[in-house]
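First comes the structure, then the notes that go with it.
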């Protein structure tokens, strides 16, 4: 053959032109098909957007640049091709290795294995890079021809560089994986798994550690590991573009994988074609790695579904057994794997896992009891989530920036306490949480979410180190410790945006009623009135008690206060404990415009015993979440139902009813003047004064 003659002429060259040309002829359809899909998903999409009968400025701002931002929601086909095509190219170019006859024929040529490997790799790079470069050129020409000034060459160049980087990494990863397996299907599956492995395995480990280690900061570490996988990271580029460090890391990883693949290729035996794993030394590692990952996966599944450690252990056993013996069948290509040697191997693995789980269960490392010295604490973060602490604002996308020059990206406030008294109170709370765990040996998470609270702690020590912990506690049990923390000025300023707002920057305030207050709305635009309203609300929040803040029974607020501050807005409840704000509304004559009132809005109310959860009596109202249409006439005729028309008692009911039906003794049904109704609940102690 002609390419065989060419091969003989260049035994020591980096690539062999004869083999390269042969690859180009055989697999040209890969590049052609890839180019076609890219042209359909990038330049054609740009032209389709341009041809819409809409305001060009709106389209420019919202859509054009998203074509180049790898957003799975708007460019799914493009993202899918960036994943599939590099892997498919690696499978096809090295498929001959998975067939013993084809491999034997290829390696009888007078060409060094390194040259064969390099030639196929170069062919793959050509098939992947050339369509991307051509697509970028066509897109640039189209953008220039249409006069789309909002899309510049830098945007297209960034898209091209990211696409080239991802394609190279995925391709060489698939090639390297192909050197350790003799099955094409397994090569494809393992390639995707390897690309997912950094994040996938880390998430499985974190989820399982969270079941055993009390206080483990699962939610802090989870966002850190999600970005480890280049496959997952690809879907996030639209929100968080690659940094320089990531680009360098991916380049180095590609180079390392290239040399690893070449080294394995030169050592691989031809006769291993068709074997699951081509290197004997890697077979035990492969077997136990798959067993371990399967064990973690099934254990996590049963724990998530059943919320039981017994089911978690069952998941561990089921997953590890299935994976271990299925891999044995795959490696030996036989069902005769239930022998003493295999059983012994699984027994050793099971024993090792039992010891490891025991170490975590009994906290042999002292993780659960570990606390820094109070004198070493510089600051402490405390909130119900780690998101504000770990959230890094994404770069403002150019497409979004075009929507308005005042585009605002909200960044949550980090609840970091620096006051020594606040730190001491939080430290004392942490000590109590640990002591209760050690005394009661309770599970790390309360079984019921009723009256529970998530506590996330992050200590910054004087030496620069950090300690992270996360708990779910039963709120009433820690009320005495939480009360001074919540009522502190520092806590309130960290958790209430209105305490940090400058009234001079407020554009307007809107007070809106909800289902029980239709047509109760007010907008305040006068700067002087805005300043007074903000001051009144701030005073009320500073005066709030812990009990009013946690609002365990779900007391319904009077209204929602929406505050527009230049390029952002936020909402604040007008709680029934906010007496200063209510008095200000009365003083300004706006009280009746925003608050439901007896007589003016409420005709009467009916008080009945709270229905049982299984009660089906249609004559009585059900709980608020499953309430059918209320028949007022039937309700009024029911014996034991109290009707209230006195304005003072109606006002009392309006101020004291709450929305949580649990442990409620009575249900109150308010009837508006327009015939509408809304319901709430009263405790026995509260309602006793009405009977």
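In this note's numbering, the protein residues as written are -3 to 687.
Each residue gets a CB set at the ideal place from its N, CA and C atoms; glycine is no exception.
Rounded to whole angstroms, what's the CA-CA distance from residue i to residue j? Just pull it up for me.
{"i": "residue 209", "j": "residue 355", "result": "10 angstroms"}
{"i": "residue 1", "j": "residue 14", "result": "Low confidence applies here, because residue 1 scores a pLDDT of 44, under 50, leaving its location unreliable; read the following figure in that light. Rounded to whole angstroms, residue 1 to residue 14 spans 8 angstroms at the Cα level."}
{"i": "residue 699", "j": "residue 178", "result": "There is simply no residue 699 to check, as the chain begins at -3 and stops at 687 in what is shown."}
{"i": "residue 11", "j": "residue 257", "result": "16 angstroms"}
{"i": "residue 571", "j": "residue 649", "result": "15 angstroms"}
{"i": "residue 147", "j": "residue 61", "result": "7 angstroms"}
{"i": "residue 384", "j": "residue 211", "result": "19 angstroms"}
{"i": "residue 131", "j": "residue 283", "result": "43 angstroms"}
{"i": "residue 632", "j": "residue 520", "result": "41 angstroms"}
{"i": "residue 555", "j": "residue 236", "result": "37 angstroms"}
{"i": "residue 607", "j": "residue 646", "result": "21 angstroms"}
{"i": "residue 359", "j": "residue 312", "result": "20 angstroms"}
{"i": "residue 569", "j": "residue 543", "result": "15 angstroms"}
{"i": "residue 669", "j": "residue 557", "result": "25 angstroms"}
{"i": "residue 482", "j": "residue 423", "result": "14 angstroms"}
{"i": "residue 111", "j": "residue 16", "result": "10 angstroms"}
{"i": "residue 426", "j": "residue 122", "result": "59 angstroms"}
{"i": "residue 185", "j": "residue 302", "result": "30 angstroms"}
{"i": "residue 672", "j": "residue 289", "result": "57 angstroms"}
{"i": "residue 277", "j": "residue 293", "result": "25 angstroms"}
{"i": "residue 394", "j": "residue 151", "result": "Residue placement at residue 394 is flagged as unreliable, the pLDDT there being 38, under the threshold of 50; the coordinate-derived value follows with that caveat. Roughly 9 angstroms between the two C-alpha positions."}
{"i": "residue 48", "j": "residue 504", "result": "36 angstroms"}
{"i": "residue 564", "j": "residue 526", "result": "16 angstroms"}
{"i": "residue 536", "j": "residue 221", "result": "42 angstroms"}
{"i": "residue 20", "j": "residue 26", "result": "10 angstroms"}
{"i": "residue 180", "j": "residue 245", "result": "28 angstroms"}
{"i": "residue 344", "j": "residue 351", "result": "11 angstroms"}
{"i": "residue 314", "j": "residue 291", "result": "7 angstroms"}
{"i": "residue 4", "j": "residue 108", "result": "Interpretation of residue 4 is limited by its pLDDT of 45, a score under 50 that renders its predicted location unreliable; the figure taken from the coordinates is listed afterwards. Whole-angstrom Cα-Cα distance: 10 angstroms."}
{"i": "residue 468", "j": "residue 203", "result": "15 angstroms"}
{"i": "residue 396", "j": "residue 545", "result": "Residue confidence for residue 396 is low, a pLDDT of 40 falling below 50, so the modelled location carries little weight and cannot support an answer."}
{"i": "residue 285", "j": "residue 330", "result": "21 angstroms"}
{"i": "residue 363", "j": "residue 213", "result": "11 angstroms"}
{"i": "residue 684", "j": "residue 68", "result": "58 angstroms"}
{"i": "residue 149", "j": "residue 63", "result": "14 angstroms"}
{"i": "residue 134", "j": "residue 187", "result": "31 angstroms"}
Considering only the alpha carbon of each residue, which of the options lies closest to residue i?
{"i": "residue 155", "options": "424, 230, 357", "result": "230"}
{"i": "residue 75", "options": "152, 163, 137", "result": "163"}
{"i": "residue 22", "options": "299, 546, 92, 349", "result": "92"}
{"i": "residue 338", "options": "159, 319, 110, 350", "result": "319"}
{"i": "residue 387", "options": "343, 466, 218, 260", "result": "218"}
{"i": "residue 377", "options": "661, 205, 414, 467", "result": "414"}
{"i": "residue 32", "options": "263, 205, 129", "result": "129"}
{"i": "residue 658", "options": "605, 636, 629, 638", "result": "605"}
{"i": "residue 30", "options": "69, 126, 72, 466", "result": "126"}
{"i": "residue 486", "options": "508, 416, 518, 470", "result": "416"}
{"i": "residue 174", "options": "34, 204, 467, 262", "result": "262"}
{"i": "residue 421", "options": "380, 467, 475", "result": "475"}
{"i": "residue 227", "options": "577, 684, 159, 172", "result": "159"}
{"i": "residue 136", "options": "70, 200, 90, 39", "result": "39"}
{"i": "residue 524", "options": "9, 538, 509, 502", "result": "502"}
{"i": "residue 450", "options": "470, 464, 460", "result": "470"}
{"i": "residue 100", "options": "205, 37, 247, 268", "result": "268"}
{"i": "residue 560", "options": "553, 45, 499", "result": "499"}
Whole-angstrom Cβ separation of residue i and residue j, contact assumed at under 8 angstroms?
{"i": "residue 590", "j": "residue 516", "result": "5 angstroms"}
{"i": "residue 506", "j": "residue 374", "result": "Contact doesn't hold; Cβ gap of about 41 angstroms is too wide."}
{"i": "residue 675", "j": "residue 667", "result": "That pair is no contact at about 10 angstroms."}
{"i": "residue 643", "j": "residue 585", "result": "Actually they are not in contact, since the Cβ atoms of residue 643 and residue 585 sit about 20 angstroms apart, beyond 8 angstroms."}
{"i": "residue 298", "j": "residue 310", "result": "6 angstroms"}
{"i": "residue 447", "j": "residue 548", "result": "6 angstroms"}
{"i": "residue 678", "j": "residue 660", "result": "7 angstroms"}
Checking contacts by CB at 7 angstroms: is residue i closer than that to chain B?
{"i": "residue 658", "result": "Protein chains in the displayed structure number just one, and chain B is not present."}
Nearer than 6 angstroms: is that true of the beta carbon of residue i relative to any heavy atom of the ligand GTP?
{"i": "residue 490", "result": "With respect to the ligand GTP, the structure offers nothing, as it holds no ligand at all."}
Item checked: alpha helix (DSSP H) segments (min. 4 residues) lying fully within the stretch 111 to 188 -> 149 to 174
Note to self: At 4 residues or longer, what runs of the alpha helix (DSSP H) sit wholly inside the stretch 261 to 348?
What the structure shows: 278 to 302, 305 to 328
Margin query: Taking 8 angstroms as the cut-off, does the stretch 135 to 151 touch the stretch 110 to 126 (at least 3 CB pairs, one atom from each stretch)?
Written below: no
Note to self: If contact is defined by three or more beta carbon pairs under 8 angstroms, each pair taking one atom from either stretch, is the stretch 80 to 88 in contact with the stretch 168 to 183?
What the structure shows: yes
Next item on the list: Inspect the CB distances between the stretch 483 to 490 and the stretch 409 to 422 and report whether three or more fall short of 8 angstroms.
Entry: yes
Check: Pairing CB atoms from the stretch 520 to 531 with CB atoms from the stretch 454 to 474, are three or more of them under 8 angstroms?
Finding: no
Checklist line | Stretch-stretch touch, CB-based, cutoff 8 angstroms, three pairs: the stretch 358 to 370 with the stretch 421 to 436 | finding: yes
Notebook entry, point to check: Between the stretch 97 to 108 and the stretch 184 to 203, are three or more C-beta pairs nearer than 8 angstroms?
Noted result: no
Next item on the list: Enumerate, from N- to C-terminal direction, the unbroken alpha helix (DSSP H) stretches of 4 or more residues contained entirely within the stretch 432 to 512.
Entry: 475 to 482, 485 to 491
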